[in-house]
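For what it's worth, my numbering labels the leading residue of the sequence shown as 61, then goes sequentially.
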Amino acid sequence: MGKLLEIDRLQIAFRTDQGDIISVDEASFDLASGETVAIVGESGCGKSVTSLSIIGLLGKSGYVRQGEIRFKGCALTKASSAELRRLRGNEISMIFQDSMTSLNPVIPIGEQIEEPIRLHLDLSRQQARAVAVDMLRKVGIARPEAISKQYPHALSGGMRQRVMIAIALVCKPKLLIADEPTTALDVTIQAQILQLMKQLQTNNGTSILLVTHDLGVVAEMADKVVVMYAGQVVETADVFTLFRAPKHPYTQGLMRSIPHLNRDSSKRMHAIPGTVPSLQHMPTGCRYHPRCSYAVGRCRQEQPTVQSVGGEHLVRCWLPSETENTWVPLAGHLSGGTL
Ligand code: SF4
């Protein structure tokens, strides 16, 4: 599979009155055509900021300070606003978590789906309307003709999320960025939406960059997983390797925190000790060292480099061989959980 998206040593900063704050540092990973890559990590780890930077939506204060984002080999970091506008909604689309605030409350659903069609495809108003209604049908909305005339407030959360998917996929993008697409939904609707995304991905050959804190969604959807901690990518692997043999102590901690039905209920659930460091006060050396039970002197002084522990399994840790025998995967670990 060819590389569709390459994130290369990306550093993202935000300007504040107290100076620049580095939100994402030295992040690298890639995504092949037709592949689903999940970025996981706790709130504030930089996963959403990384995804927003791809379509140039960092706001007024955010900017790419170093590194590169390449889409089909072209540097998006050097693209003009007009070029980014041409890509957004056409070749690259995004689904946000909160459909209520992402949809325009005063424009009927159908017109909101027609907008990217009219912007990017050479179709008449009538043809665009027909495509929009057909797209509503494809995302599983009954009575699409009637629903296309409704306003967002008249729809349930699950239906609004389907509408968001319809808007995102109507121009058959090469890349869909989905930022916590099912977090606001109940479990049964969540399963339907994930199924729908998979089905549309298969039909259109779309690649998906999935941003989530839900390891269950990762297990369900992802081919490859990128784990972020405190603004850095700490581990990258295919989904089976990551769940069965995580090497970074942080990833191992996440896996141990997943609740299991066959867990001994008399024992306390595992929690990673300590808290995530603030962006203004990053620890020296390895950013995870204050919480890591393996930390040695070097971890406190030198930032670990990324190293391969086998093929494309990459870990940012000085001691991956020390940690490798301590993780015992439990039956059903691919069923996931939430961070
Ligand atoms: Fe732990 Fe050291 Fe590895 Fe950081 S580099 S994760 S502190 S062992």
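Quick reminder that beta carbons are idealized off the backbone N, C-alpha and C, glycines included.
Check	Outcome
Spatial neighbours of residue 159 in its chain, beta-carbon cut-off 8 Å, leaving aside the 5 residues before and after	212, 217, 220, 221, 223, 224, 244
Touch test, the stretch 92-99 against the stretch 276-290, Cβ-Cβ under 8 Å, three pairs minimum	yes
Identity of the residues DSSP links to residue 267 by a beta bridge	235
DSSP bridge partner residues for residue 246 (one or two, in chain order)	According to DSSP, which records beta bridges pairwise, residue 246 is partnered with nothing at all.
Own chain, CB closer than 6 Å to residue 301, minus 5 neighbours either side, in chain order	373
Beta carbon of residue 246 nearer than 8 Å to that of residue 154	no
Where the alpha helix (DSSP H) through residue 93 begins and ends	Here residue 93 belongs to no alpha helix (DSSP H), and DSSP marks it neither H nor E.
Boundaries of the alpha helix (DSSP H) in which residue 188 is found, first to last residue	185-198
Pick from 257, 116, 120 that is closest to residue 131, judged by C-alpha positions	116
Residue 355 Cβ short of 7 Å to the ligand SF4 heavy atom set	yes
Buried versus exposed call for residue 331 [16 or more other C-beta atoms within 10 Å across all chains shown]	exposed
Neighbourhood of residue 86 by C-beta, 7 Å cutoff - its chain only, sequence neighbours within 5 removed	69, 71, 292
Closer than 7 Å: residue 374 CB and nearest the ligand SF4 heavy atom	no
Straight-line Cα distance separating residue 295 from residue 91	15 Å
Pair within 8 Å by beta-carbon distance, residue 199 and residue 256	yes
Any non-hydrogen atom of the ligand SF4 within 7 Å of residue 379 CB	yes
DSSP beta-bridge partners of residue 368	374
Pairwise C-alpha distance: residue 339 and residue 349	15 Å
Sufficient close CB pairs (3 or more, under 8 Å) joining the stretch 183-190 to the stretch 261-275	no
Under 8 Å between C-beta atoms of residue 231 and residue 309	no
Sequence-distant residues of the same chain with beta carbon closer than 8 Å to residue 358, five excluded per side	345, 378
C-beta neighbour in chain D for residue 65, strict 8 Å	Among the protein chains of the structure shown there is no chain D, as only one such chain exists.
Beta-bridge pairing of residue 300 - partner residues as DSSP gives them	BP columns for residue 300 are empty, so no partner.
Terminal residues of the beta strand (DSSP E) in which residue 63 lies	63-76
Proximity to residue 137 [Cα-Cα], best of 149, 313, 118	118
Distance between residue 112 and residue 152 (C-alpha atoms, nearest Å)	11 Å
Simplified DSSP state of residue 142, which is helix, strand or coil	helix
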